Amino acid sequence: MRKRIYVLIMLLISSFTLSACQNSAQGQAEVQGAEQTSTVAVQEEDVSDGFEKVVVAQVVDGDTIRVMADGEKKTVRLIGIDTPESVHPDKSKNTVFGEEASEFTKGYLTQGQVIYLEKDTSDTDKYGRLLRYVWLEQPQDSSDKDEIQEKMFNAILISEGYANAYYYAPDTKNYELFSQLEWEAYTAQAGLWVDQGLNDESVKKKDKKQNTLDVQQEATYVGNKNSKKFHVLTCHSLPKEENAVYFDARSEALDAGYQPCSICHP
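Okay, here's the thing in structure tokens:
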């Protein structure tokens, strides 16, 4: 009797093991099939000239990532931007704002995600990092402002208030747009701007320049601090900006001790 029970138990174990092996083999075949399908899809996709298709391996910090390209892991520094530090060797330079910027980047760029790299002028920096614009999708026109704002992650970081626009020649083809996006994020107090988490030196200069432009647009006359003459805005003898003073009314210029220009007769 005991022998019969033993035989039955062995038969049940053998049956279960065989079934498990078959299921495992089937699952492995399905995974391999999916990988092959994915590989075929990657190979078939047409990548435009000037772009390199890579896979995200790791987010280092807000403006630095690692990718898999041609079977190698490479470090990429996003160009045209700068985020606060979070992994600097000098820990005193790391800030909570850097950690927030890093988390923002991790929310957009995940391990295994396909992205597209675009070079400006330089290939690498002194640390051997690739200097690139990072696109979430391959653009139809890489110079189109709408596509840049929607698909280029460098621009998204600035627009959402997690990075400053950063001018570092010769990789500056998008600096003008990045600077404008920085200004818009600053005025909207987006992202880190609300807690003064970004460098505001550049936007303060822009703010001062904008205030000067506003004064110029509202003014009727411009005086020369050196000659003490004042002019209409269309005069050919206008002073340099550093010597200019603006007046809303003729009487205001006269009261300030300025004399009318003999050419434009304001």
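Quick note: the sequence shown uses my numbering, first residue 1180, plus one each step. Glycine included, C-beta positions come from ideal geometry on N, C-alpha and C. The structure presented is a predicted model; accordingly, all values stated were derived computationally and were not measured.
With contacts defined as CB atoms closer than 8 Å, Y1295 and F1357 fail to qualify as a contacting pair. Take H1267, set aside five residues on each side of it, and the residues of its chain with a beta-carbon closer than 7 Å to its own are N1273, in chain order. A distance below 8 Å separates the beta carbons of V1235 and Q1290. A Cβ-Cβ contact shorter than 8 Å links G1277 with T1262. Here I1442 is exposed: its Cβ has fewer than 16 other Cβ atoms, across all protein chains shown, within 10 Å. In the assembly as shown, K1419 is an exposed residue. Its beta-carbon has fewer than 16 other beta-carbons within 10 Å.
If you look at I1335, you'll find it in the alpha helix (DSSP H) that goes F1332 to S1338. Looking at N1353, D1320 and I1337, the one whose alpha-carbon comes closest to that of S1227 is D1320. Fewer than three Cβ pairs drawn from the stretch 1397-1413 and the stretch 1364-1375 lie within less than 8 Å of each other, which leaves the two stretches out of contact.
Measuring C-alpha to C-alpha distances from G1307 to each of E1355, K1252 and V1411 identifies K1252 as the nearest. Distance from the Cα of V1313 is smallest, within the candidate group D1434, T1303 and L1288, for L1288.
Per DSSP, V1266 lies in no alpha helix (DSSP H) and is assigned neither H nor E. Apart from the 5 residues on each side of it in sequence, D1323 has no Cβ closer than 7 Å to any other Cβ in its chain. Distance from the CA atom of E1316 to the CA atom of V1293, rounded to whole angstroms, is 9 Å. Sequence-distant partners of Y1437 (beyond 5 residues in either direction) whose C-beta falls short of 6 Å from its own C-beta, in its chain, are G1402, K1407 and F1409.
At a Cβ-Cβ threshold of 8 Å, T1300 and P1349 count as neighbours. As DSSP reads the structure, P1439 sits in a beta bridge with F1409.
G1402 is bridged by DSSP to F1409 and V1424. Y1346 and W1362 have their C-alpha atoms roughly 14 Å apart.
A direct Cα-to-Cα measurement between F1332 and G1250 gives close to 23 Å.
According to the DSSP assignment, R1308 belongs to no beta strand (DSSP E), since it is labelled neither H nor E.
In the three-state reduction of the DSSP assignment, I1327 falls in the helix class, which pools H, G and I. Assignment of Y1346 by DSSP, reduced to helix, strand and coil, places it in the coil class. Here T1366 is exposed: its Cβ has fewer than 16 other Cβ atoms, across all protein chains shown, within 10 Å.
Of K1285, Q1328, V1233 and A1344, the smallest CA-CA separation from L1309 is found for V1233.
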